[in-house]
Amino acid sequence: MESKPPPSPSTLRRLIDIDTAVSLHLYSAAQPILPRPLLKALEISGDGRLFFPLAISIFLSPLSNTTTSPLVFTLFADLLIGAVLDLLLVGLIKHLVRRPRPVYNKDMFHVTFAVDHWSFPSGHSSRVCFVAAFLCLSSAAIGEIVAQWRSSGVEFVVKLLDFFDSDVGKAVHFLFLGFSFWAAATSFSRVLLGRHFVCDVIAGACLGVLEALIVCQFLNYSILASIILS
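Yeah, the sequence shown ends on 219 if you go by this note's numbering, and it's all consecutive.
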């Protein structure tokens, strides 16, 4: 009796194998070229242990005064809501999927939470892409805030706008481009550092953009305040 051939690997298994191979190739190719301190600096800039306290500090800062500057308060409140949402969603998905990190992952910071042992999705990617997408979706509000600060004579804003010929729109556009470049570089660095696989980073980036859309459309401070007060 003829033995049956072994079953072919599933589509998901093939995708994981390709993802693993491509990620290892990118990691190996980057080692002799890119300076590791640069990649580590990008890692620190997108770390949740920096981002979350920073979001809280900005929200509690004198700039975020609901009486004198309600628009700034709302913007910073939405940023903090997004930070909390990102923390919850990334933690939940990591716990459910439980994909191990690459075997060549080394000298990683001491993990704070158990879910940090897992690779999918990339929390750094979701975080930085949330910030970039949030700034893009909030560009009109940011433009209003910058214009208000210029009218109030805030010195650093006035000096900053001098570089852009006092064009607020151009300054906001440059701000968005800068954060977008940072988000892309930080996300890609996760693969080059060996922290994540390519699909982890893509999924994290998509999640971050989705979080920004959710915060700006459905889960922002104005909507939550109206629900609570109604």
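Backbone N, C-alpha and C define an ideal beta-carbon position, used for all residues, glycine too.
query, result
"Does DSSP put P110 in a helix, a strand or coil?", "coil"
"Do F48 and A236 have their beta-carbon atoms positioned less than 9 Å apart in this structure?", "Look at the range of the chain in this structure, -10 to 219, and you will see that residue 236 is not part of it."
"Check each candidate in S115, P110 and S108 and name the one with the smallest Cα separation from A173.", "S115"
"Buried or exposed: where does S(-1) fall if 16 or more other Cβ atoms within 10 Å of its Cβ makes it buried?", "exposed"
"At a threshold of 8 Å, does F207 count as lining the ligand MG (C-beta to nearest heavy atom)?", "Among the components of this structure there are no ligands whatsoever, and the ligand MG is therefore not found."
"To which residues of the same chain is F43 closer than 8 Å at the C-beta, ignoring the five residues directly before and after it?", "Checking the sequence, you will find Leu at residue 43 rather than Phe. Around L43: no qualifying Cβ."
"Please report the straight-line C-alpha distance between L124 and A214, rounded to a whole angstrom.", "21 Å"
"Among the residues of its own chain, which have a CB less than 8 Å from the CB of F177, if the five just before and after it don't count?", "V190"
"Rounded C-beta distance between E200 and F119? I'm assuming under 8 Å.", "5 Å"
"Give the range of the alpha helix (DSSP H) segment to which S169 is assigned.", "V157 to L181"
"Anyone know if the C-beta pair for I134 and V204 falls short of 9 Å?", "no"
"Measure the beta-carbon distance from L181 to L23 and round it to whole angstroms, keeping in mind my assumption that it falls under 8 Å.", "6 Å"
"For I45 and L27, which I take to be in contact (beta-carbon distance under 8 Å), what is that distance rounded to the nearest angstrom?", "About 28 Å separates the two Cβ atoms, so there is no contact after all."
"Does the beta-carbon of D75 have 16 or more other beta-carbons within 10 angstroms, so that it is buried, or is it exposed?", "buried"
"When DSSP labels each residue in this structure, what does P89 get in the three-state scheme?", "strand"
"Quick check on the burial criterion: 16 or more other C-beta atoms within 10 angstroms. Buried or exposed for A18?", "exposed"
"Just to confirm my understanding: we take F40, look at its own chain, exclude 5 residues before and 5 after, and list those with CB closer than 7 Å. What are they?", "A72 and R116"
"Counting only the same chain and skipping the five closest in sequence on each side, list residues whose C-beta sits under 7 Å from that of A122.", "G197, V198 and A201"
"Tell me which residue opens and which closes the alpha helix (DSSP H) that L23 is part of.", "That residue, L23, is in no alpha helix (DSSP H); it is neither H nor E in DSSP."
"Please state whether DSSP places F48 in a helix, a strand or coil.", "helix"
"State the DSSP-derived secondary structure class of D36, mapped to helix, strand or coil.", "coil"
"To the nearest angstrom, how far is it from the Cα of Q137 to the Cα of L85?", "45 Å"
"Can you have a look at L186 and say buried or exposed, based on whether 16 or more other CB atoms are within 10 angstroms of its CB?", "The sequence given here places Phe at residue 186; Leu does not occur at that position. F186 comes out buried."
"For the alpha helix (DSSP H) that D189 lies in, which residues bound it at each end?", "V187 to Q206"
"My output table needs one value for K148: the three-state DSSP class, helix, strand or coil.", "helix"
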